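Chains as they are written, first to last, in this note's numbering: chain D, 1 to 297; chain V, 298 to 576; chain L, 577 to 948.
Have a look at the structure below before the remarks.
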Amino acid sequence: MNALDESVLDTREAGYNFAYLDERTKRMIRRAILKAVAIPGYQVSFGSREMPLPYGWGTGGIQITASIIGHDDVLKVIDQGADDTVNAVNIRRFFQRTTGVATTERTSAATLIQTRHRIPEIPLCEGQILVYQVPIPEPLAKLEPREAETRVLHGLAEYGLMHVKLYEDIARHGHVAATYDYPVMVDGRFLMSPSPIPKFDNPKMHMNPALQLFGAGREKRIYAVPPYTRVESLAFEDHPFEIQRWREACSMCGARDSFLDEVITDDNGARMFVCSDTDYCSLRRADSLDTTQGEDQ
Amino acid sequence: MNTAQWRYVPPPEGNDVESIAAEAGPILRASGLAKRYGARVAIEDVAFDLWPGEVLAVVGESGSGKTTLLNCISARLKPDAGQVEFLTRHEGVVDIYGLSEASRRLLARTDWGYVHQNPAEGLRMDVSAGANVGERLMSLGERHYGRIRSQAAQWLARVEMDASRIDESPVAFSGGMRQRLQIARNLVTRPRLVFMDEPTSGLDVSVQARLLDLLRTLTHHLGLACVIVTHDLAVARLLAQRMLVMKDGRVVELGLTDQVLDDPQHPYTQLLVSSVLQP
Amino acid sequence: MYVAVKGGERAIDNSCALLAEARRGDPDVPDLSIAQIEQQLRLAVDRVMAEGSLYDRELAALAIKQAAGDLVEAIFLLRAYRATLPRLADSEPIVTAAMDARRRISAVFKDLPGGQVLGPTYDYTQRLLDFSLAAEEIPVPRVQADGIAGAGGRECNEENMAGVVGLLAQEGLIETHAPRDGDPEPQDLTRQPLTFPATRSARLQNLARGDEGFLLAMGYSTQRGYAHTHPFAGEIRYGIVEVEIVPEELGFAVAIGEIEVTECQMVNQFAGSKSAPPQFTRGYGLAFGHSERKSMAMALVDRALRAEELGEAVKAPAQMQEFVLSHSDNLEASGFVQHLKLPHYVDFQSELELVRKMRAAHNQPCDGECAA
């Protein structure tokens with residue numbers, strides 16, 4: 001350990017509880033989670049605590065993870081699909097220090113995955129939990145900022161306002177303008193914000209065998225999609241929902257079915273495309289090393 | 298989980314006056330309505346019946362209570378006393394203040410219409426004309442963009458607007474056009490009852506005349522029952538079969554429009570009628 | 577050949593090392609002590625305690641040192657620490673009427689029982705940079721033996737320092753707020769989320785913890801006509817109050833310590849109706865430490881937010897509960913504003929694709945082969 005590590009607060013020594021939160025707080029959050037699971041897509045208010053990371057940087061997701069993580073869990077943390085971005089590193093280190101729980105970069109090896117803005121490409125299984133970090137939980141927020149109003153709209157399932165917005169997009173642009181945080185109907189009842197995942201990822205939420213939990217720390221809301229729940233992206237019959245597609249394949253592993261990041265490689269604007277999901281990409285590359293034939297098409 | 302104790306069933310195409318008149322009973326019945334603000338009486342002991350396809354004008358000076366009355370009978374303002382009963386399409390007569398909030402809101406955007414004096418209050422100014430007209434359809438589950446759009450275009454035409462302006466925002470429209478748009482937005486679900494609060498005041502005279510003509514045609518062809526609040530006796534004469542005169546919160550005269558205007562019985566009505574400049 | 581970006585952990589470690597260096601600054605310059613910050617930057621300490629919602633001068637001073645003087649960052653440190661502390665008891669309400677006041681002024685009466693006690697304040701200084709402070713140690717002129725900076729030198733006797741609001745209330749001139757039946761517990765925003773419409777206790781707690789700059793601007797806006805409430809500074813007091821708890825085993829109150837607070841009572845536009853004769857209305861502000869700007873701004877905004885309750889039309893931002901109370905917390909505001917620094921390239925990628933597609937469609941009329 002170098003001098004820097006010693007000067008950093010060691011939370012276990014300083015008397016913090018397992019996963020930082022006290023047990024009463026964890027219980028309060030778990031109750032909110034249970035309520036959320038019982039009413040798929042409904043936003044449950046909870047007494048969000050100040051955490052050592054700033055509001056807006058994943059405190060909702062962190063509080064959910066902290067309330068449900070156990071000694072035997074294996075944790076994966078990703079941001080923009082990658083394990084090594086600064087936000088993911090920070091959060092993973094937080095849990096390592098406050099729980100000592102095993103961590104992994106392999107989606108299939110994780111029991112608990114906390115994510116910012118992406119769903120892993122590798123399909124999830126029963127028993128896995130995906131925790132989403134949510135900045136703005138209210139899908140109607142940009143159309144109606146007052147919470148007192150949106151509460152009534154959700155209670156009465158009055159979602160005409162959202163369809164008006166979609167109609168307007170089509171009238172103006174020929175298609176729906178939202179490319180991320182694309183609104184969905186959960187179990188045919190509640191309108192939900194899936195968090196700012198690209199719409200490319202929306203279909204993965206539908207009938208997923210894993211439990212999906214959503215935490216908004218600053219806005220103090222938790223919501224959930226239980227396993228095998230209908231999640232349908234809003235659309236018109238004659239303007240169906242469509243995901244993004246690329247002409248290019250991933251430059252590293254050749255994948256044509258994953259979300260690709262654009263990387264600018266020189267000053268002239270030369271660019272290449274690479275899988276956003278680093279685990280998916282590295283697995284494919286490892287596979288292709290095993291076989292003598294490449295997978296380029 | 299959608300909580301309407303009263304379901305909306307869209308009407309068959311082509312409502313004609315005959316089939317509506319065949320329904321039994323008044324479409325709206327107000328009895329013993331009162332509303333007070335502290336010691337001040339806004340309305341007291343107001344009662345009337347409104348029949349299917351009938352237009353009733355509520356006339357009086359400002360402060361007479363006519364707007365309060367309109368709000369009480371359109372479920373916008375709960376009265377302190379009295380009842381308002383509405384004859385629904387399929388479920389008989391209901392007490393509108395006995396309905397759940399959800400049912401009232403559903404009623405307000407399906408079988409009822411409300412036309413504000415200031416059209417900006419009854420429109421979404423930040424979306425296109427088409428979206429404004431299509432909103433009720435979307436809120437009722439219509440999910441085919443092409444159908445929504447074509448219905449919106451049809452209704453724009455019916456209110457004598459240029460359907461090519463379907464994608465324009467109402468911000469660009471004149472007062473008269475905004476009012477037509479507001480009317481179209483209300484009528485798209487073929488309501489049987491429409492409330493109007495001074496629909497033509499604030500428009501200049503020639504625009505008023507054309508709009509009144511449109512209202513007359515629409516109420517007649519669609520068999521709309523209407524309650525129109527107005528301070529302008531000429532509007533009442535042109536649009537309404539019956540007229541209700543209010544003074545200081547009370548009904549002082551109620552009867553056939555032509556009779557009331559040509560042979561007013563109550564001294565206040567006489568004063569009102571005589572003070573209108575003769576053309 | 578492109579290699580995927582790795583090494584985030586190492587980059588973060590290096591960043592922390594650089595931060596530690598930057599925080600310390602030139603090692604030849606003596607290290608700041610907590611005591612120095614606590615004593616000589618006392619107003620910064622007061623603000624950090626007020627918005628950090630934790631009364632502990634040393635911890636606040638430590639937070640300021642750790643945050644290299646960034647007060648919002650220091651407030652964050654204190655709040656995060658507070659969230660982990662066990663709750664031992666609820667105190668009795670502090671009695672500001674019994675305050676050992678260092679400063680007490682009123683703008684509504686020229687003179688009043690107890691006098692206008694000026695106390696230690698920048699209000700009567702001229703804002704000229706004092707270069708003598710740049711020299712190391714200078715003797716500070718001691719205040720006269722009795723330590724009173726009162727108009728007329730009168731003694732500041734807490735017994736005869738009657739509150740202005742109380743004086744007005746004696747004549748029935750100002751509204752009073754009796755606690756509701758059963759004296760229900762106030763809502764605690766650190767335990768339960770805020771809902772709208774907000775209760776009075778939630779509103780006041782939110783404002784007390786709220787960012788001073790934001791409340792200052794909101795309060796200022798009311799004075800400039802965005803919902804003017806005709807405020808008068810009825811009374812501003814700064815001083816020491818006792819904190820008492822009633823332990824179960826004892827059944828009576830015991831004092832556990834003292835804190836400094838600043839309280840502002842605004843006297844506002846009178847309201848009345850046909851049934852009730854007019855009375856002045858009130859706005860209330862309270863903050864830890866010597867925080868006049870904060871408590872005055874808070875009182876202005878408190879009154880503005882009561883618009884609906886008092887039957888006033890809600891027209892200006894300072895009157896909108898949801899607008900003011902949702903944006904007053906500088907931790908939430910700072911966090912969310914600054915979160916834009918986090919990677920957003922996946923969502924941006926989606927937007928890039930869409931804009932490129934729309935531009936392509938715009939530049940080349942579709943010949944039926946364009947992608948949807």
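Think of the CB as a built atom: it goes at the ideal place given N, C-alpha and C, for glycine as much as any other residue.
Quick caveat: nothing in here was measured; it's all calculated off a predicted structure.
Should E747/L be labelled buried (16 or more other beta-carbon atoms within 10 Å of its own) or exposed? Label assigned to E747/L: exposed.
How long is the line joining the alpha carbons of E23/D and R658/L, rounded to whole angstroms? CA-to-CA, the gap between E23/D and R658/L works out to about 16 Å.
Give the secondary structure of K332/V by DSSP, where H, G and I count as helix, E and B as strand, and everything else as coil. Judged by DSSP in its simplified three-state form, K332/V adopts strand.
Using CA coordinates, which residue listed in D923/L, Q781/L, V931/L and Y802/L is at the minimum distance from S871/L? Out of D923/L, Q781/L, V931/L and Y802/L, Q781/L has the C-alpha closest to the C-alpha of S871/L.
Could you give the residue range of the beta strand (DSSP E) that holds R756/L? Premise fails: R756/L is in no beta strand (DSSP E) and is neither H nor E.
For A875/L, the first and last residue of its enclosing alpha helix (DSSP H): Run containing A875/L: E868 to L881, per the alpha helix (DSSP H) assignment.
Bridge partners of M272/D, per DSSP? Here M272/D is bridged, per DSSP, to V263/D.
Which value, in whole angstroms, describes the spacing of the CA atoms of D342/V and E382/V? Spanning the two alpha carbons is a distance of roughly 16 Å.
Taking only runs that begin and end inside the stretch 75-159 of chain D, name each unbroken alpha helix (DSSP H) of 4 or more residues, in chain order. 86-99 and 147-155, all fully within the stretch 75-159 of chain D.
Whole angstroms are fine: how far does the CA of E649/L sit from the CA of E908/L? Linking E908/L to E649/L through their CA atoms gives a straight-line distance of about 12 Å.
With a threshold of 8 Å, are at least 3 pairs of Cβ atoms found where one atom belongs to the stretch 112-121 of chain D and the other to the stretch 60-70 of chain D? Using a Cβ-Cβ distance cut-off of 8 Å, the stretch 112-121 of chain D and the stretch 60-70 of chain D are in contact, since at least three pairs of beta carbons, one from each stretch, lie closer than that value.
By a C-beta neighbour count over all protein chains shown, 10 Å radius and 16 as the cutoff for buried, is I640/L buried or exposed? Answer is buried; the Cβ neighbour count reaches 16.
Given a limit of 8 Å on CB to CB distance, which residues of the stretch 168-194 of chain D reach chain V? Going along the stretch 168-194 of chain D in chain order, one finds E168, I170, A171, R172 and R189 with a Cβ nearer than 8 Å to chain V.
Using 8 Å as the cut-off, can you tell me whether the stretch 529-546 of chain V makes contact with the stretch 350-365 of chain V, which would need three or more C-beta pairs spanning the two stretches below that distance? In short, these stretches touch, since the Cβ pair count reaches three.
Can a CB atom of chain D be found closer than 8 Å to the CB of Y411/V? Chain D contact via Cβ: absent.
Can you tell me which residues form a DSSP beta bridge with C840/L? Answer is I812/L and G861/L.
Among the candidates A336/V, L367/V, P323/V and R482/V, whose CA atom is the shortest distance from the CA of L330/V? Residue L367/V holds the alpha-carbon nearest to the alpha-carbon of L330/V among A336/V, L367/V, P323/V and R482/V.
Taking Cβ to Cβ, would you say I243/D is nearer than 8 Å to K199/D? Yes.
Where does H71/D fall in DSSP's three states? Here DSSP, grouped into helix, strand and coil, assigns H71/D to coil.
Chain-order list of residues whose beta-carbon lies under 8 Å from that of R779/L (same chain, five-residue window excluded): Sequence-distant partners of R779/L (beyond 5 residues in either direction) whose C-beta falls short of 8 Å from its own C-beta, in its chain, are D878, L881, Q897 and L901.
How many angstroms separate the CA atom of M51/D from the CA atom of S904/L? Spanning the two alpha carbons is a distance of roughly 18 Å.
Closest to E457/V by C-alpha separation, out of G443/V, R446/V, A469/V and R475/V, would be which residue? Comparing Cα positions, the closest option is R475/V.
The beta strand (DSSP E) spanning C523/V covers which residue range? Run containing C523/V: A522 to T527, per the beta strand (DSSP E) assignment.
is_contact[A469/V, chain A] using C-beta, thresh 8 Å: You won't find chain A in this structure, because its protein chains are D, V and L.
Three-pair Cβ contact test at 8 Å for the stretch 91-109 of chain D versus the stretch 260-280 of chain D: Here the stretch 91-109 of chain D lies against the stretch 260-280 of chain D, with 3 or more beta-carbon pairs under 8 Å apart.
Rounded to whole angstroms, what is the Cα-Cα separation between E634/L and L647/L? Cα to Cα, the separation comes out at about 15 Å.
Considering Cα atoms alone, identify which of I812/L, A889/L, V621/L and E929/L is closest to G691/L. Answer by Cα proximity: I812/L.
Where E734/L sits in the DSSP three-state scheme: The pLDDT assigned to E734/L is 48, lower than 50, so where the model puts this residue is not dependable; a value taken from the coordinates is nonetheless given after this. If DSSP states are grouped into helix, strand and coil, E734/L belongs with the helices.
In the DSSP assignment, find the unbroken beta strand (DSSP E) run with W409/V in it and report its ends. Boundaries of the beta strand (DSSP E) harbouring W409/V: W409 to V412, taken from the DSSP string.
Candidates L705/L, S867/L and A665/L, of which the one nearest E825/L by Cα: The residue with the shortest Cα to Cα distance from E825/L is A665/L.
Might you give, ordered along the chain, the residues of its own chain that have their beta carbon closer than 6 Å to the beta carbon of A875/L, omitting 5 neighbours on each side? Sequence-distant partners of A875/L (beyond 5 residues in either direction) whose C-beta falls short of 6 Å from its own C-beta, in its chain, are C840, M842, G859, Y860 and G861.
Return the chain-ordered ranges of every beta strand (DSSP E) run that is complete within the stretch 16-71 of chain D and spans a minimum of 3 residues. Not a single unbroken stretch of the beta strand (DSSP E) spanning 3 or more residues falls wholly within the stretch 16-71 of chain D.
Close beta carbons around W452/V, own chain, < 6 Å, minus the five adjacent residues each side: Excluding positions up to five away in sequence, the list reads V430, A481 and V485.
One question on the structure: do A224/D and A36/D come within less than 8 Å of each other, judged by their Cβ atoms? Less than 8 Å divides the Cβ of A224/D from the Cβ of A36/D.
By the 9 Å beta-carbon criterion, what residues does the stretch 767-779 of chain L contribute toward chain D? Within the stretch 767-779 of chain L, the residues whose Cβ lies closer than 9 Å to some Cβ of chain D are R767, Q768, P769, L770, T771, F772 and P773, listed in chain order.
Helix, strand or coil for Q845/L? Go by DSSP, reduced to three states. In this structure, Q845/L counts as strand in the three-state DSSP scheme.
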